Amino acid sequence: MNPHSELHIYASTNAKMAARVVIFFKTMQAARCPTDELSLTNCAVVSEKDLQSGQHVTVKTTPNHKFVFTTKSHHTVTPGTIAFSLPQRKWAGLSIGQEVEVANYNFDKAKQCIGLVSLEIDFLQKKSTDTSPYDSDKMASEFIQQFNNQAFSVTQQLVFSFCDKLFGLQIKDIEAMDPSILKGEPASGKKQKIDVGLLVGNSQVMFVKAESSCLTLVGKAKAKEARQTIINPDFNFERMGIGGLDKEFSDIFRRAFASRVFPPDIVEQMGCKHVKGILLFGPPGCGKTLMARQIGKMLNSRDPKVVNGPEILNKFVGESEANIRKLFADAEEEQKRLGANSGLHIIIFDELDAICKQRGTAGGSTGVHDTVVNQLLSKIDGVEQLNNILVIGMTNRPDLIDDALMRPGRFEVKMEIGLPDEKGRFQILNIHTNKMREFNLLAIDVDVKELSVETKNFSGAELEGLVRAAQSTAMNRHIKATATVEVDMERAEKLQVHQADFLGSLNNDIKPAFGTNQEDYCSYIMNGIIKWGDPVTRVLDDGELLVQQTKNSDRTPLVTVLLEGPPGSGKTALAAKIAEESEFPFIKICSPDKMIGHSEISKCHAIKKVFDDACKSQLSCVVVDDIERLLDYVPIGPRFSNLVLQALLVLLKKTPPKGRKLLVIGTTSRKDVLQEMEMLDAFSTSIHVHNISTGEHLVEALELLGSFSEPERATIAKQVKGKRVWIGIKKLLMLIEMSLQMEQEYRVSKFLQLLRDEGAMDDGNQIRV
């Protein structure tokens, strides 16, 4: 019997195989599919004389390769041929005119119905790609309608038409339907992989985007993509050289990266958009640039593009805007090509305020800054939005940046990188001394904990400078003081940095920019505080109470006090003493002698800078000395600077940022003038500083000063007993020093004469105020 001309039927005698009957046909020739419409059916097209539509056949191309197809009959096909589409011929390795053996194929519906089929999908032609989202649920429904009751095999390729677009599909995986479901029973949960299956009406279809595809899928019928975590698992703050910024990193991660860690389908279902911009601001040297640089290492993303603000600007028309566009070009191209699969592109702008100033503020300029800001706005959050970028800006002057950049959707996360606290300073010092510790170059007496306590208001850069200064001090000990500079190699091998090197550098070499400058206030108390009586003690006690209130009270982060009294009564010295004993990390004296020749505007800027700097420290004390002189007040006229007055009134009432506390101590000799200017109400309280007003207080002051001998003081006490005295401690010091220039026998008489001449003491008990 000839197998090529007659039918041979093989029926299995095994009861389990009774459902499958194989009928071998005559050999047929492979042909090209006659029309594009038939190609989209995913069927093998045959003549009506050979087979009917809807039958399933195996096509044997070689002795070891068989492929299962569903047939569709068409009158244009020549009898004895079987037509395949191009994807089918590629999958089965068929050529036109090749002879194949075709056999009937019956599915075992108890085992071969498709429960779940996974399809890899991409645009059929790259030129027809677009970024429009395609609903995978509607795709799945359309797929089942188009290919219901068709045979599918793992690795099979086919063409799928949806929304007038052609997509190339490849079968990645097939799971058989749970037999319990077919019997109408609850699902057993068993999953069985099969190579060939029959698509039925209740099959599940899952779409998987092809690798490097720019197709955008939405809906539940898309497979969850295997995602590489965006956070590099190997990053370590200490190894990256970052210390004292744990909270800041935590806040940035929560706002900027949490949505990027979650699977995109969950983010999509929440309707969540990624944060595209972070603005880091704060004092110089606190780690803004370091943090931005290390964020790129912390993330599994491309190397960040770092650009300094002024580098963007170009003298040629349009070039500045073109430089902005170039920064975003790679991200735009990749998003068009890969869509949601695009990697994260990080762009870092250092000195952002150089290019993003408030628009319209540069009078008389060419307007380049305005157009650069416009270009940056359109790229970050314009009509064609990019979702694969993270722009990090850094500045010391956030007040100069255009408001449009600060709204949500642009530089949405604004993070202040402030001065490190004690814990942060400990981390930073450990980082910078770690290598010395590793090679036994750090002496055992070095107490990093103590250094972190002593370095209040040091920035990270200043702490690094402190370590360098200590290292240079230690190395200098091993340099021979000869005609030539030589290193004592024998001693150099024993080189170690000691605690004394750090403390010496702390006292002499490195001073914090936002710290306490002792030279600033020590000149005001170089003679010490003369506690000649209870009035002085009460001022110091009240000052101590205000210091404790500033430290401990959460209700009053801003405490202002005015020390008022007659000229020369020691108001500035007492204010400086209260500030010194507060031991606040930031102490600054705002004094008229530092603003000689300043215009009103520049004086306002200088005062504002003192208060702004104070707000960067956790605890600060500002002494506003001689307020009437700052206001340019003179009794003739009268005349004063209303501009400076209004600036002071605003600053004295401005509460510091959350977590910061500020004590302001003002001094004045003209309380009445401040009353008229309505400035007294700006202070929380006022303390009166008295002049020396009794002979007993005068003698007490002389004794504390120790300038006169005991017999001389006794003579003076006898002369001033029962008499009214009125003199400020400052004037008293001057009169004493003048008297001491005389010969010893004339010093007392000269001192008493000077008191009378100054009107500080009168025999008729008349007091000169």
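Per our numbering, residue 1040 is the first one in the sequence shown, and the count goes up by one each step.
Ideal Cβ positions, reconstructed from N, Cα and C, are used throughout, including at glycine.
Please read these numbers as outputs of a predicted model, since none were measured by experiment.
C-beta contact flag for residue i and residue j at 8 Å
i, j, result
"Glu-1761", "Gly-1734", "Here the sequence assigns Gly to residue 1761, which means Glu is not the residue at that position. It is a contact, given that the beta carbons lie within the stated cut-off."
"Asp-1814", "Thr-1694", "Given that the chain is displayed from residue 1040 to residue 1808, the structure contains no residue 1814 and the question cannot be resolved."
"Thr-1599", "Phe-1722", "yes"
"Ala-1142", "Ala-1083", "no"
"Leu-1741", "Ile-1731", "no"
"Asn-1426", "Gln-1374", "yes"
"Gly-1554", "Asn-1515", "no"
"Ile-1704", "Cys-1660", "yes"
"Tyr-1173", "His-1095", "no"
"His-1736", "Gly-1499", "no"
"Asp-1484", "Gln-1538", "yes"
"Cys-1072", "Ser-1124", "yes"
"Val-1430", "Lys-1312", "no"
Among the options, the one whose alpha carbon lies nearest that of residue i
i, options, result
"Lys-1150", "Ala-1131, Ile-1213, Ser-1134", "Ile-1213"
"Ala-1615", "Ile-1628, Arg-1332, Pro-1605, Ser-1608", "Ile-1628"
"Cys-1202", "Ser-1167, Leu-1791, Cys-1325", "Ser-1167"
"Leu-1383", "Ile-1160, Gly-1698, Pro-1343, Ser-1251", "Pro-1343"
"Val-1345", "Asp-1176, Glu-1360, Ile-1386, Gly-1321", "Ile-1386"
"Asp-1147", "Asp-1711, Gln-1137, Gly-1236, Asp-1089", "Gly-1236"
"Leu-1701", "Asp-1593, Cys-1311, Pro-1750", "Asp-1593"
"Lys-1327", "Glu-1307, Leu-1391, Val-1683", "Leu-1391"
"Phe-1320", "Arg-1436, Ser-1200, Leu-1684", "Arg-1436"
"Glu-1622", "Ile-1568, Glu-1493, Val-1728, Met-1067", "Glu-1493"
"Gly-1432", "Leu-1329, Lys-1365, Val-1526", "Leu-1329"
"Ala-1260", "Ser-1289, Gln-1308, Val-1662", "Gln-1308"
"Trp-1130", "Pro-1073, Glu-1423, Thr-1194", "Thr-1194"
"Gln-1189", "Lys-1232, Leu-1238, Ile-1160, Leu-1688", "Leu-1238"
"Arg-1341", "Ser-1381, Gly-1316, Ser-1359", "Ser-1381"
Exposure of residue i, with buried meaning 16 or more beta-carbon neighbours within 10 Å
i, result
"Lys-1757", "exposed"
"Ala-1265", "Summary for Ala-1265: the model assigns pLDDT 49, below 50, so the residue's position carries little reliability; its value from the coordinates is reported in the next sentence. Under this definition Ala-1265 is an exposed residue."
"Pro-1102", "exposed"
"Arg-1293", "exposed"
"Phe-1355", "exposed"
"Glu-1667", "buried"
"Thr-1115", "exposed"
"Gly-1403", "Any reading at Gly-1403 needs caution, since the residue's pLDDT is 46, under 50, leaving its predicted position unreliable; the model's value is listed next. Counting Cβ neighbours within 10 Å, Gly-1403 comes out exposed, since fewer than 16 surround it."
"Ile-1394", "buried"
"Glu-1603", "buried"
"Ala-1370", "buried"
"Asp-1720", "exposed"
"Pro-1126", "buried"
"Gly-1348", "buried"
"Asn-1591", "exposed"
"Gly-1357", "exposed"
"Asn-1081", "buried"
"Ser-1526", "Looking at the sequence provided, one finds Val at residue 1526 rather than Ser. Counting Cβ neighbours within 10 Å, Val-1526 comes out exposed, since fewer than 16 surround it."
DSSP-derived helix/strand/coil call for residue i
i, result
"Ser-1641", "helix"
"Gln-1267", "Summary for Gln-1267: the model assigns pLDDT 48, below 50, so the residue's position carries little reliability; its value from the coordinates is reported in the next sentence. DSSP places Gln-1267 in coil when its eight states are reduced to three."
"Cys-1660", "strand"
"Val-1257", "strand"
"Gly-1504", "helix"
"Trp-1130", "helix"
"Val-1598", "strand"
"Ile-1160", "strand"
"Gly-1310", "coil"
"Glu-1797", "coil"
"Phe-1722", "coil"
"Glu-1371", "helix"
"Leu-1779", "coil"
"Phe-1355", "coil"
"Val-1703", "strand"
"Thr-1611", "helix"
"Gly-1403", "Note that Gly-1403 has pLDDT 46, beneath the 50 cutoff, so the model's placement of it is unreliable and no number is given."
"Gln-1209", "strand"
"Ser-1327", "Rather than Ser, the amino acid found at residue 1327 in this sequence is Lys. Lys-1327 falls in the helix class under three-state DSSP."
"Ser-1491", "helix"
Cβ separation of residue i and residue j, assumed to be a contact under 8 Å, to the nearest whole Å
i, j, result
"Glu-1489", "Pro-1551", "That belief does not hold up - the Cβ atoms of Glu-1489 and Pro-1551 are roughly 17 Å apart, past 8 Å."
"Ser-1192", "Phe-1246", "So it is not a contact: roughly 18 Å between Cβ atoms."
"Ala-1443", "Leu-1416", "6 Å"
"Ser-1112", "Ser-1134", "Ser-1112 to Ser-1134, Cβ: 23 Å. No contact."
"Ile-1334", "Leu-1254", "Ile-1334 to Leu-1254, Cβ: 30 Å. No contact."
Within-8 Å CB hit, residue i to chain C
i, result
"Ile-1467", "Note that chain C does not occur in the displayed structure, where there is just one protein chain."
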